[in-house]
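There are 2 protein chains.
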Amino acid sequence: MARPREFEEDTVLDAALERFWAQGFDATSMRDLIECTGLTGASLYNAFGDKRSLYRKSLDHYVQRGMRDRMARCRDLPPAQAIAVFFSDVLRRSLEDPQHKGCMLINAALDVPPDDAELRQAVAENLRAIESFLYAIIAAGQADGTIRATLSATDMARHLLGVLAGLRVLARVRPEKELLEGIVASLQDFLTP
Amino acid sequence: MARPREFEEDTVLDAALERFWAQGFDATSMRDLIECTGLTGASLYNAFGDKRSLYRKSLDHYVQRGMRDRMARCRDLPPAQAIAVFFSDVLRRSLEDPQHKGCMLINAALDVPPDDAELRQAVAENLRAIESFLYAIIAAGQADGTIRATLSATDMARHLLGVLAGLRVLARVRPEKELLEGIVASLQDFLTP
DNA sequence: CCTATTTTAGAACAATCGTTATAAAATATG
DNA sequence: CATATTTTATAACGATTGTTCTAAAATAGG
Chain G
2 MARPREFEED TVLDAALERF WAQGFDATSM RDLIECTGLT GASLYNAFGD KRSLYRKSLD
62 HYVQRGMRDR MARCRDLPPA QAIAVFFSDV LRRSLEDPQH KGCMLINAAL DVPPDDAELR
122 QAVAENLRAI ESFLYAIIAA GQADGTIRAT LSATDMARHL LGVLAGLRVL ARVRPEKELL
182 EGIVASLQDF LTP
Chain S
2 MARPREFEED TVLDAALERF WAQGFDATSM RDLIECTGLT GASLYNAFGD KRSLYRKSLD
62 HYVQRGMRDR MARCRDLPPA QAIAVFFSDV LRRSLEDPQH KGCMLINAAL DVPPDDAELR
122 QAVAENLRAI ESFLYAIIAA GQADGTIRAT LSATDMARHL LGVLAGLRVL ARVRPEKELL
182 EGIVASLQDF LTP
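Chains as they are written, first to last, in the numbering used here: chain G, 2 to 194; chain S, 2 to 194.
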C-alpha cells in the first residue's frame with residue numbers, strides 16, 4: 002500500500018558508490034549524493050538512513066557486485082592460472098580506469114575513522130574473505146604440485162593479500178603501467194615451484 | 002625586529018603531523034590543530050599558510066624526520082640484511098603503535114583529493130624515492146650474489162614497494178601480528194638466490 | 001623613548017555540513 | 001470515494017567548517 006518508490010535501490014547504490022569510491026567518505030557531501038543519485042534528500046534518508054549507513058550499504062554493494070563474481074570466476078580455473086587471472090584482472094582494471102579510483106574496499110580501509118570500530122570490522126571481514134579465497138587456491142595448487150610448497154599456503158595467501166592492497170594503493174597515486182606490472186611480474190617467480 | 006615567535010616550528014609540525022597522520026586531512030579540523038599545537042589560529046595561518054599548506058609541510062616533515070634516517074641506516078648494511086632490517090623495522094613500528102596509524106605517506110596516497118595534482122605529485126615523488134632506495138640495495142645484492150637475479154632489480158624493487166604499501170594499509174585495519182609477519186615472511190624466499 | 005614590524009589573541013565571518021520538520025503527492029485498502 | 005500510509009519535495013535547522021578581521025602585545029632599530 003501507499004505511494005510507490007520512484008527509484009531502484011541498486012541503481013541508487015551504484016551512483017552513490019561511485020562517488021564514495023572516487024572521493025572517499027568525508028569528501029563526499031550529502032548534496033553530492035543527492036545530485037548524483039537524482040533523488041531528494043528526504044528520500045535518501047528514508048530509504049538508506051544517514052550518511053554513514055548509506056556508505057556501508059554502498060560498500061557492501063560494491064563487494065557483492067564487483068568482487069564476488071570476479072572471485073567466483075577464478076575458482077573454476079586451475080590454481081596457478083586462477084591467481085594469474087585474478088591479478089591480471091586487477092591490473093587491467095587499475096590501468097583502464099581514467100579516474101584511478103583504485104579499489105573501494107582498500108580505500109575504505111584508510112577512510113575508516115579511528116573510532117568507528119564497527120565499520121573497520123566490516124572492512125577487515127571483507128579482507129579476510131579475500132585472504133581465504135587466495136588461501137584456498139594456493140592450497141589446491143600446492144596439493145597438485147602446480148604451486149611451490151616451500152612456504153605455507155597461509156603465509157603465501159597473506160603475502161598475496163598484501164601485494165593486492167599495495168597494488169591498489171599505488172594505482173591511485175602512481176597509475177603507471179610499468180610499475181604495476183612490475184609488482185605482479187614477480188609473482189610468477191614467487192608462485193612457480 | 003618585531004615581536005618574536007613563541008613556538009618552535011618543528012614542535013608545531015610534530016603535533017600537527019600526529020593528528021593528520023591518525024585522522025587524515027578531512028577529518029582533522031583547524032580547531033583540532035589549534036588545540037593540539039597549542040597556538041592560536043592566527044599564528045598557524047601566519048606561519049604555515051592555510052590548512053592544505055600545513056598538511057603539505059607536515060607530510061614533508063614526516064618524510065624528512067621519520068623516513069630519511071631510517072633509510073640511511075639501512076644503506077650501510079649488506080644488501081640482503083638491509084632489506085630484512087628495513088621490513089622488520091616497518092613490521093615492528095606497525096605492531097607497536099597502539100593507534101595503528103600505519104604510514105602517513107601511504108595514508109596520504111589515499112587522502113589526496115582527485116583534483117589536487119600537485120599534492121599527488123609530491124606523494125608520488127616520495128614513493129619513487131623509496132623505490133629507488135630499494136632498487137639500489139637489490140642491484141648491489143645481485144652484483145655480489147647475495148640476492149637472487151632471476152628477476153630484474155627494477156621489478157623486484159617495484160614488488161617490494163607494493164608489499165610495503167600493502168603492509169601499511171593492512172596495519173591500519175587488521176593490525177594482526179601473524180598477518181603482517183606472514184606478508185614479509187615470504188620475502189626471504191623471494192630474495193635469496 | 002618612539003616608531004615600525006611582526007606575532008598573538010579572540011571574536012566574527014560567510015559557507016557548507018548532515019539532518020529534520022512540514023506539507024504535498026501518490027498509491028492500496030476499506 | 002474516502003482513509004491510511006508511504007514517498008516525495010522544499011526549506012530550514014543548528015552546528016561546524018576554513019578563514020579573516022581588529023586590536024592588543026612584544027620586540028628591534030633609530
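Just so it is clear, CB atoms sit at the ideal spot from N, CA and C, and this is done for glycine as well. Keep in mind that this is a model prediction, so the values were computed, not measured.
For S/G142, the nearest beta carbon of chain G is not closer than 8 Å to its own beta carbon. Contact between S/V164 and G/G146 does not hold, since their C-beta atoms are separated by about 26 Å, which reaches or exceeds 8 Å. When the beta-carbon positions are compared, G/L60 and S/N108 stay at least 8 Å from each other. If you ignore the 5 residues before and after S/L14, its C-beta comes within less than 7 Å of the C-beta of K58, S59 and H62, all in its own chain and listed in chain order. If you ignore the 5 residues before and after G/A81, its C-beta comes within less than 8 Å of the C-beta of G142, T147, I148, L192 and T193, all in its own chain and listed in chain order.
Setting aside the 5 residues that flank it on each side, S/K52 is surrounded in the same chain by M31, each with a C-beta closer than 7 Å to its C-beta; the list follows chain order.
Secondary structure note for S/H101: it is in no alpha helix (DSSP H), with a DSSP letter that is neither H nor E. Here G/D90 is not near G/R76, since their CB atoms are 8 Å or more apart. The closest CA to that of S/A172, considering only S/G103, S/D117 and S/R74, is found on S/G103. With fewer than 16 other Cβ atoms from the protein chains shown falling within 10 Å of its own Cβ, G/D11 counts as exposed. The three-state secondary structure of S/F26, taken from DSSP, is coil. Each residue's CA atom was taken as its position, placing S/F88 and S/D98 some 16 Å apart.
With 16 or more other Cβ atoms from the protein chains shown falling within 10 Å of its own Cβ, G/N127 counts as buried.
Proximity of G/A23 to chain S, defined by a Cβ-Cβ separation below 8 Å, is satisfied. When the alpha-carbon of S/S153 is set against those of S/Y136, S/L162 and S/E182, the nearest one is in S/Y136. Take the alpha-carbon of G/C37 and the one of G/R20: they are about 8 Å apart. For the pair S/L96 and S/P176, the CB atoms are nearer than the 8 Å cut-off. Under a 10 Å Cβ-count criterion, S/S187 is classified as buried, with 16 or more other Cβ atoms of the shown protein chains found around its own Cβ. Contact between S/V170 and G/V170 holds, with the beta-carbon distance rounding to 6 Å and staying under 8 Å.
Taking G/F8 as the centre and dropping the five residues before and after it, the same chain places the C-beta of L40 closer than 7 Å to its C-beta, in chain order.
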